[in-house]
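Chemist: Before I ask anything, let me first share the structure, which is written out below as structure tokens.
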Amino acid sequence: MCAASTAKAGNAAPQNLIIGEAPSIVALRQLVRQVAPSDASVLLVGPSGSGKEVVARAIHAASRRAAKPFVAINCGAIPRDLLESELFGHEKGSFTGAFAQHRGRFEEAHGGTLFLDEIGDMPADMQVKLLRVLEERVVQRIGGRGQIAVDVRILAATHRDIDVAIDAGAFREDLFYRLAVFPIDIPALAERAEDVPLLVGHFLSQAKGRRPVRFSAAAFDRMAEHGWPGNVRELRNFVERASILYAGRAIGRDEVGALLLRRGRVGAVERRALWDATEIAVEPVPAPAVQPPPAPMPAPALAPEPAAEIAEEVVVPISADAPAIAMTGAQPVALRDMLAEIERRYIEEALTQSDGVIADAARLLTLQRTTLIEKMRKYEMRAA
Ligand SMILES: Nc1ncnc2c1ncn2[C@@H]1O[C@H](COP(=O)(O)OP(=O)(O)O)[C@@H](O)[C@H]1O
Ligand SMILES: [Mg+2]
Numbered sequence: 001m002c003a004a005s006t007a008k009a010g011n012a013a014p015q016n017l018i019i020g021e022a023p024s025i026v027a028l029r030q031l032v033r034q035v036a037p038s039d040a041s042v043l044l045v046g047p048s049g050s051g052k053e054v055v056a057r058a059i060h061a062a063s064r065r066a067a068k069p070f071v072a073i074n075c076g077a078i079p080r081d082l083l084e085s086e087l088f089g090h091e092k093g094s095f096t097g098a099f100a101q102h103r104g105r106f107e108e109a110h111g112g113t114l115f116l117d118e119i120g121d122m123p124a125d126m127q128v129k130l131l132r133v134l135e136e137r138v139v140q141r142i143g144g145r146g147q148i149a150v151d152v153r154i155l156a157a158t159h160r161d162i163d164v165a166i167d168a169g170a171f172r173e174d175l176f177y178r179l180a181v182f183p184i185d186i187p188a189l190a191e192r193a194e195d196v197p198l199l200v201g202h203f204l205s206q207a208k209g210r211r212p213v214r215f216s217a218a219a220f221d222r223m224a225e226h227g228w229p230g231n232v233r234e235l236r237n238f239v240e241r242a243s244i245l246y247a248g249r250a251i252g253r254d255e256v257g258a259l260l261l262r263r264g265r266v267g268a269v270e271r272r273a274l275w276d277a278t279e280i281a282v283e284p285v286p287a288p289a290v291q292p293p294p295a296p297m298p299a300p301a302l303a304p305e306p307a308a309e310i311a312e313e314v315v316v317p318i319s320a321d322a323p324a325i326a327m328t329g330a331q332p333v334a335l336r337d338m339l340a341e342i343e344r345r346y347i348e349e350a351l352t353q354s355d356g357v358i359a360d361a362a363r364l365l366t367l368q369r370t371t372l373i374e375k376m377r378k379y380e381m382r383a384a
């Protein structure tokens with residue numbers, strides 16, 4: 001259910017995946033070079049979208065564990081009841097729903113690196129269990145008897161000031177010292193605004209197959225006025241939106257203003273443009289006649305984080321937020337229609353949360369991009 005991820009180093013030196021020439025980033029790359037070869041635990045602290053995971057992957061890729069798995073888990077995005085099993089695994093039948101044996105992330109990461117994202121959100125009782133595993137280097141699956149030895153390097157990240165959580169008694173100080181043998185701060189993009197043009201160039205070079213867009217000097221001036229609260233992730237989404245909407249054209253001050261104004265919502269014009277930009281040779285499927293569902297459905301809760309934060313590696317099973325089933329037997333349930341309606345709502349929400357970037361929305365929904373496009377067509381979602 002949760003996708004594990006394995007880092008690929010590529011040709012470039014791993015620390016060069018961290019783009020930027022600001023003094024803080026030059027120093028960061030140097031730190032990565034120094035800390036990577038050791039097995040020290042590293043705590044990455046920085047705002048959402050600032051590049052914590054990029055740095056974690058760079059550390060792994062430059063370490064002696066590079067050929068082994070890099071496994072990421074977002075401790076803040078997984079419901080408490082699932083987190084323990086996700087981390088440590090479970091034996092078949094150890095609790096209701098444990099239909100099969102499950103290896104935890106610690107076991108999956110054996111020999112490699114385990115990236116504990118949003119560690120500040122870890123519940124207190126899980127902090128205790130994690131501390132014990134870090135001290136003893138063995139895990140016990142839920143319902144299991146045996147101790148399983150794990151050789152795992154721990155990298156952790158948090159977007160919040162963990163000192164405050166320690167003072168408030170919400171985060172264990174002993175765990176903090178275990179995790180933060182080597183703390184690294186990652187600056188907000190606003191603190192290194194001089195890197196914006198370099199990052200824009202980097203993200204433009206990744207927009208393969210599209211006619212390139214060109215940003216004028218005035219466009220960069222306008223970007224410099226923006227605070228980038230979503231940091232590099234927001235900038236990446238901005239460039240992707242720009243390169244879809246203005247393919248083959250020049251972008252000036254006004255276009256930047258319009259693109260920034262629309263962040264967070266996909267307007268009618270953009271939906272149409274997004275649609276036109278995605279060539280797919282599939283005949284439109286008529287949308288199903290959607291009837292009002294029999295049970296009230298809550299708005300989809302795709303992520304507990306603000307919209308800027310996208311949990312890229314962790315998949316939250318839908319059952320965690322599913323509505324209670326209201327079925328009496330006297331009233332038949334239009335299951336197909338209800339499922340279609342849920343699907344449509346989740347797609348809408350994912351597109352909103354990812355600023356209309358289809359690749360990101362697809363990732364949020366764990367769908368292939370082409371599958372998402374087909375579904376959007378099915379629900380006629382190009383129409384505003
Ligand atoms: N220094 C950087 N160089 C290149 N890309 C970056 C950099 N920092 C962040 N990114 C990109 O921005 C997005 C968010 O980065 P991520 O590491 O997931 O942030 P965080 O984990 O801090 O929320 C990703 O697409 C990542 O590739
Ligand atoms: Mg992250």
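Residue numbers (our numbering): 1 to 384. Beta carbons are placed, not taken as given, at the ideal position from N, Cα and C, and that holds for glycine. As the structure is a prediction and not an experimental result, all values here were calculated from the model.
Taking 6 Å as the limit between beta carbons, can you name the residues of its chain near P286, skipping five residues before and five after?
Modeler: A caution first: P286 carries a pLDDT of 45, below 50, which makes its placement in the model unreliable, though a value can still be read off. Answer for P286: no residue qualifies.
Chemist: Any heavy atom of ligand 1 within a distance shorter than 7 Å of the CB on I19?
Modeler: Yes, ligand 1 has a heavy atom inside 7 Å of this Cβ.
Chemist: Taking all protein chains shown into account, decide if E225 is buried (16 or more other Cβ within 10 angstroms of its Cβ) or exposed.
Modeler: Under this definition E225 is an exposed residue.
Chemist: Would you give the residue range spanned by the alpha helix (DSSP H) that R80 belongs to?
Modeler: First-last of the alpha helix (DSSP H) with R80: R80 to F88.
Chemist: Using beta-carbon positions only, say whether G112 and F171 come within less than 8 Å of one another.
Modeler: No, Cβ-Cβ distance for G112 and F171 is not below 8 Å.
Chemist: Could you give the DSSP three-state label for V71: helix, strand or coil?
Modeler: Residue state, collapsed to three classes: strand.
Chemist: To the nearest angstrom, how far is the alpha carbon of I310 from that of P197?
Modeler: Only weak support is given to the placement of I310: the predicted model assigns it a pLDDT of 36, under 50, and the question is left unresolved by the model.
Chemist: Give the secondary structure of I186 by DSSP, where H, G and I count as helix, E and B as strand, and everything else as coil.
Modeler: Three-state result, I186: coil.
Chemist: Between I404 and the rest of its own chain, which residues show a CB-CB distance below 7 Å, the 5 nearest in sequence each way excluded?
Modeler: No answer is possible for residue 404: it lies beyond the span of the chain, which begins at 1 and ends at 384.
Chemist: CB-CB under 6 Å to Q101, same chain, minus the five flanking residues each way: which ones, in chain order?
Modeler: Result list for Q101: E91 and K92, in chain order.
Chemist: Could you tell me whether any Cβ in chain D is nearer than 8 Å to the Cβ of A157?
Modeler: Of the chains in the structure shown, none is chain D; there is only one protein chain.
Chemist: Apply the 10 Å Cβ neighbour rule to G104 and answer buried if 16 or more other Cβ atoms are within range, or exposed otherwise.
Modeler: Classification for G104: buried.
Chemist: Assuming I162 is part of the alpha helix (DSSP H), what are its boundary residues?
Modeler: Residues I162 to D167.
Chemist: State the DSSP-derived secondary structure class of D39, mapped to helix, strand or coil.
Modeler: Three-state DSSP puts D39 in coil, outside helix and strand.
Chemist: Determine, using beta-carbon pairs with one atom in the stretch 189 to 207 and one in the stretch 147 to 157, whether at least three such pairs fall under 8 Å.
Modeler: With a cut-off of 8 Å, the stretch 147 to 157 and the stretch 189 to 207 do not count as touching, because too few Cβ pairs lie within range.
Chemist: Going straight from the alpha carbon of E255 to that of G143, what length do you get?
Modeler: In a straight line, the C-alpha of E255 is about 58 Å away from that of G143.
Chemist: Under 7 Å from any heavy atom of ligand 1, does the C-beta of K378 make it?
Modeler: No, since every heavy atom of ligand 1 falls outside the 7 Å radius drawn around the Cβ of K378.
Chemist: Sort M381, R29, Y177 and E86 by Cα distance to K52 and report the nearest one.
Modeler: The candidate whose alpha carbon is nearest that of K52 is R29.
Chemist: Using a Cβ-Cβ cut-off of 7 Å (strictly less than) and excluding sequence neighbours within five positions of I59, which residues of its own chain qualify?
Modeler: Cβ within range, chain order: V32, V35, A36, V42 and L155.
Chemist: Taking its Cβ as the centre, do 16 or more other Cβ atoms sit within 10 Å of G169, making it buried, or is it exposed?
Modeler: So G169 ends up on the exposed side.
Chemist: Output the boundary residues of the alpha helix (DSSP H) element that contains D360.
Modeler: I358 to L364 is the extent of the alpha helix (DSSP H) around D360.
Chemist: Quick one, are the C-beta atoms of L83 and M126 less than 8 Å apart?
Modeler: Contact: yes.
Chemist: When DSSP labels each residue in this structure, what does L261 get in the three-state scheme?
Modeler: In this structure, L261 counts as helix in the three-state DSSP scheme.
Chemist: Pull up the distance between the alpha-carbon of V55 and that of R336, whole angstroms please.
Modeler: About 44 Å.
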